[in-house]
Structure formats: structure tokens, C-alpha cells
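In the working numbering, each number is its position in the sequence shown, counted from 1, plus 550.
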Amino acid sequence: MKQIALFTAVLLLALPATSAEACMNCVNSVTDAQTPFLNSLSGVFFGWLCLVLIFNRPLAKGTRRFLYFGVPVFVLGFLLIIPLGIGLVVLFCWIIYLLYRILQVLIRKEASIRQNLVPFGLNTVALTLSMVLIFVTTTQANSTPELIQSLGHVSPFYPGTVHNLMSRLIQRGPDVVAPLSESLKQNLESKQVNPLLATRIAYCLLQIGGPRAEAVLKHVVEEHINLNDNENTKWESAVCCLYAECAGSRAAPVLQKLLNDSEEQPTAPLSFIPLCALVRTGDLTAVHTVLDQIEVLQHQLEDPFTNRGSAAMIRLTLQALAEGQNREDLKASPIYHRLLLGLRPDHHTQTGIVWNQQWDGELDIPALKDHWSQILK
């Protein structure tokens, strides 16, 4: 038994924490289940290992030793190492086993059973504690503050989990605008901005909509967007574009001011951010402004220091201008795929555009101005 317990402990320690989280995230994306109790169960698991190593020899032998101590060890190990769906099945079997043993103790008056009441009691305590931890931590994790905090920790490589978390907040409607705003403010005022949290809160505000959500995004763009360096390009790009979609034509003056300010900074070649955001407002004047400055976007593409994400964002914006047939096409390009939101992009539109991050078609500026003047008039 000691060898089994030690092997399980070594296996758990050998697997990095990200492996367990990755496994759980895969289950979350399919089953919509949440595993906020992972850390708590870790404590129970290692506590159980200590009990096994200290007390197993005097309390039980042979098969009984495995039933009383091996079963709990493997149950908790399954809950931590393999997907939650299988772990819950094993946990259910553990409950049935203990109920069966209780029935034996009450009906069959055998001394051999009564001699094992101590390990049987330890089984019951461990099971009860595990269930309480699952219930309490799950309840806490479903609260609005915990959901918001979780937004900043899930990798964009698990889009199902990210979308699930954001959907839970969005479904709560305008009531979560205030806590989202406060969390966003604290994040942006901290020494190190969490880009995952910033972009996902902005996306939630967009989906909730309304004057309050729009005001929050406007304040962020006016007060916290700094185009003097390349450090925060991803979250700044996302927030600008999300604000543009949320406010529409009302966002054009704010983004135009941001564009003007960026042009005054010779060391900040990030004017492509407000230009791409202006397109997503669906405003005719904003679209003409971008068409007049196509050279800026093309020059940015030729810059060897432009990263792949920024280049894809520019190319998709140019493709929307060149091939778009309605206002919705201007903000349908999947630029958020590379902006830390963890959203699965749509690679085509109802009007027939097949998005291509390597798009390099020709642009006829006068013809495009006439084209969009007819659509956005």
C-alpha cells in the first residue's frame, strides 16, 4: 500500500500544474462544468496520503487495507489528475461503497467488520470533507467577483472555457457593469496590467451594452490607452476595437483624437490601432479617414518590426474595406483571434467574404469611397 500511495504522490508531483488545468479546461469546454475546488482537493489528497503512510499497517491488512485506504487515494487522485467527468463517477462509486459498508455494520454483527470502524470512519470523514469543499468552493467560484478574477487566469488556448466564463457574466446583465468597471480600473492602475483581464472585461461590456458600459470603455480609451510603446499593443487594440463596436459613430471623435495624438509621437508607430478601430465604428466619415491614410497601414505592414498579430489585424481591416458589402462586414473581421480574448473566429461572412490573414489585394481608394458612401449614407 505504501508503494501505491508513494507512486500516486510522485505521479501527481511529476505532472505540472498546467497539465491538470489543461485537462480540466478541456472538460469545461465540453461539459460546461467548473473545477474551482482543484486546490482544495489537493490538500485533502495529500492529507489522505499522510494518514495512509502513518496508520495503514496497524489498522488493516491485505485486501481490506486497499479497500479502506487505496480506494480513497485513487478517488482523490482521479479527481486531480484525470478529467472531472470520470472523477465524479469514481466519487459516486466511493459513496455507494461506504453506504454498503454501513449497511453491513448495521445488519451483520461480525466482529471483523467492527474492528475496522476506525479506517471506515476516516473514509467517511474524507468523503464528507471532499463534498463540502466541492460545494463551498464551487459556490464561491460562481459569484461575480470570482468569475471576473478567473477571466485573467485562463489561457486563450482554451477558448471554450474563456467563452463560458464571459457568457456567465454577460447573462447577468447590467448588474455586473459596476464590478466589471471596478476590476478593470484596478487592473489598469496596477503596476503590471493583466492583458487577459482587460480585453475580456471589455468584451463583456460590449456584449452587455448600454450607456454605462459604453461610458466605461470610453473612459479607458481616453485615459488609459497609451500609444507611446509596443508593450500593451494587444489589449489596447482589443479595447479600442471593442469600444468602436459598442459606441458606433459616437466612438469616432474619441478614436480620431487618439489617432491625432499618436501622429504627434514620432517614436510611436501605433497609429494603425485607432485606424483599424475607426473602421469598426461603421461611420462614413471614419471610413473616409482610414481610406485617406491607407499609406500608413501599408507602411506598417512593410515595417520589419511589426508582429504577426498586428499585421493580421491590418490585413483583415483592409480586406473588410475592399470586399465588404454592408456595415456589418466592417466589424466582422476576426481580428480578436490574436487579441487574447480566446474567441473562435468566423472565417467567412454571410456576404461571402472569406477572411484571410495574409490578404494583399489591391485597393482603389476613389472607388472604395464611392462604394462606402452608397452603403453608409
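We treat Cβ as the ideally placed atom computed from N, Cα and C, and that holds for glycine.
Three-state secondary structure (DSSP) of residue i
i	result
V726	helix
V904	strand
D811	helix
I775	coil
V837	helix
F822	helix
K735	helix
L767	helix
E761	Reading off the sequence shown, one finds Pro at residue 761, where the question assumed Glu. Of the three classes helix, strand and coil, the one that applies to P761 here is helix, per DSSP.
S883	coil
S740	coil
L719	helix
L891	coil
L805	helix
Residues near residue i in its chain [Cβ-Cβ closer than 8 Å; skip 5 each side]
i	result
Q757	M716, I720
G760	P724, V727
L918	L841, L871, A872
R718	N692, L697
N876	T901, I925
Q869	S883, I903, W905, N906, W909, G911
L767	A752, L755, L756, V789, L792, Y793, C796, A797
Y650	none
Cα-Cα separation between residue i and residue j, rounded to whole angstroms
i	j	result
K735	V743	10 Å
T678	L805	56 Å
W922	N776	30 Å
E772	N857	25 Å
S700	E739	19 Å
E852	E845	10 Å
T867	K927	20 Å
M863	R722	31 Å
Q843	I823	13 Å
S860	A765	26 Å
P803	L825	12 Å
H769	R762	11 Å
E732	K741	16 Å
T835	L755	25 Å
Y753	P854	30 Å
L913	R865	12 Å
L653	I646	11 Å
I751	E878	23 Å
H838	S799	13 Å
N714	L847	35 Å
Q850	P706	26 Å
L820	I885	16 Å
For residue i, the first and last residue of its enclosing alpha helix (DSSP H)
i	result
W922	915-926
T694	694-701
Q869	858-873
A797	783-797
R830	From DSSP, R830 is part of no alpha helix (DSSP H); its letter is neither H nor E.
Y708	It is not in any alpha helix (DSSP H) - Y708 carries neither H nor E in the DSSP assignment.
V846	844-852
A752	745-758
L880	877-880
7 Å Cβ shell around residue i - same chain, five flanking residues per side excluded
i	result
P729	T694, P695, I698
G702	N744, L746, L747
I915	L841, I844
S801	Contrary to the premise, residue 801 reads as Ala rather than Ser in this sequence. Y793, A794, T831, listed in sequence order.
I657	none
Residues near residue i in its chain [Cβ-Cβ closer than 6 Å; skip 5 each side]
i	result
S874	Here residue 874 turns out to be Gly, not Ser, going by the sequence shown. Excluding sequence neighbours, G874 sits near L880.
G911	A872
H774	L738
D920	none
Below-8 Å beta-carbon distance, residue i vs any chain D residue
i	result
Q907	Reference to chain D is not applicable here, since this structure consists of a single protein chain.
Any non-hydrogen atom of the ligand SAH within 7 Å of residue i CB
i	result
K768	Among the components of this structure there are no ligands whatsoever, and the ligand SAH is therefore not found.
| Do the stretch 800-812 and the stretch 900-912 meet, that is, are 3 or more Cβ pairs less than 8 Å apart? | Counting Cβ pairs under 8 Å, fewer than three are found: no touch.
| message | I'd like to know if the stretch 827-847 and the stretch 788-803 are in contact, where contact means that at least 3 CB-CB pairs between them fall below 8 Å. | response | The stretch 827-847, when compared against the stretch 788-803, does touch it at the 8 Å Cβ threshold.
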